[in-house]
Structures are given as structure tokens and as C-alpha cells.
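Residue numbers (the numbering used here): 1 to 153.
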């Protein structure tokens, strides 16, 4: 729901799934995963115990992560129930991360580019857990002519 206040202010929360079309002036060039995630890129390699489905498959976690890691898109491609790859890409900076799912942790992570997307996503996920796993409807938006804020509450 949204409340419109004086002088062009608005307050509200997330009301459910929605999609939209970017304005032409807002669009950035789009690349395929293969144009961003290239095997010849120098990538930092690390590992994590955090299962990729926890960040890619939970709407509440994904909302918190999306608010804290802007510009990061996720694609989760599974071969079967035990294997697959989570791709994280930033179209603007062309940074990327891949997390390879196997039957047991640790899971191998590769990252390349200016942004360390997996590090940012993992930090945002841990923040969400520490905050008590707030649900989508817990987020509040405030929009004024000069700023916008997103807060829990």
C-alpha cells in the first residue's frame, strides 16, 4: 500500500511481485552471461558453505540482498537436484561471480571484476539472517522530491 503525503512525498511497502519496463534513458546495454562470464577472465577463487539456493530461492532473502547489492542479477542453473551453478552478474560494471553447487559444501566461488559480487551477496545474506530474516512486507519506502529511503519497520 502507498500513502501520498504533502509536497510530493510517498510512503509504502512492497505489495507483491511486480515487473516493469525501463525507460529508454535508463537502459544499459544487455549482455548474455557468456559475454560477461568468460573463462579467460582472471578470477579470484574461494569457497563458501552457504548453499546457493538460500540466496537465489528465498524471496525474503533475495529482497534484502537486492536492496543491499544494487545492480546484481542472479541466474541459478541446475543440472539436477545436487549440481548446478549460480551466476551473479552486474551488467554495468561487467563484474561477475559463479558459485558451483556440488552435493556437499564447501562450494567453489569464482569472482572477477571491480565488484566482488559473491562477497557482497554473502555479507547481505548474513545481515538478513542477523536481522531476524525480515519478510518482504517488513520493508518500508519513503520517497520525497530530494531523496528516497528504504528501511525496516
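The beta-carbon is built from N, C-alpha and C at its ideal position, and this holds for glycine as well.
The structure presented is a predicted model; accordingly, all values stated were derived computationally and were not measured.
Pair within 8 Å by beta-carbon distance, residue i and residue j
i           : j           : result
residue 121 : residue 47  : no
residue 68  : residue 127 : yes
residue 100 : residue 123 : no
residue 98  : residue 107 : no
residue 83  : residue 139 : no
residue 50  : residue 125 : yes
residue 55  : residue 73  : no
residue 141 : residue 13  : yes
Option in the options with minimal Cα separation from residue i
i           : options             : result
residue 9   : 147, 41 and 60      : 147
residue 151 : 11, 5 and 4         : 11
residue 129 : 61, 14 and 3        : 61
residue 114 : 102, 4 and 42       : 42
residue 238 : 112, 77, 111 and 89 : For the chain, the structure presents residues 1 to 153; residue 238 sits outside this window and is missing.
residue 155 : 37, 71, 149 and 56  : Since the first and last residues shown for the chain are 1 and 153, residue 155 lies out of range.
Cα-Cα separation between residue i and residue j, rounded to whole angstroms
i           : j           : result
residue 137 : residue 40  : 42 Å
residue 75  : residue 93  : 17 Å
residue 95  : residue 45  : 14 Å
residue 135 : residue 153 : 11 Å
residue 79  : residue 105 : 17 Å
residue 119 : residue 71  : 14 Å
residue 133 : residue 144 : 28 Å
residue 81  : residue 3   : 44 Å
residue 116 : residue 149 : 24 Å
Environment of residue i [buried if 16+ CB atoms lie within 10 Å]
i           : result
residue 6   : exposed
residue 131 : exposed
residue 15  : exposed
residue 157 : No information on residue 157 is available, as it lies outside the stretch 1 to 153 that the chain covers here.
Proximity test, residue i beta-carbon vs the ligand MG heavy atom, cut-off 7 Å
i          : result
residue 42 : Absence of the ligand MG is noted for the structure shown, with no ligands found whatsoever.
query = In chain order, which continuous runs of the alpha helix (DSSP H) of length 4 or greater are located wholly inside the stretch 27-81?
reply = For the stretch 27-81, whole alpha helix (DSSP H) runs of length 4 or above, ordered along the chain, are 33-36, 52-56 and 59-68.
message = At 4 residues or longer, what runs of the alpha helix (DSSP H) sit wholly inside the stretch 83-152?
response = Secondary structure remark: continuous alpha helix (DSSP H) runs of at least 4 residues inside the stretch 83-152, in chain order: 117-130.
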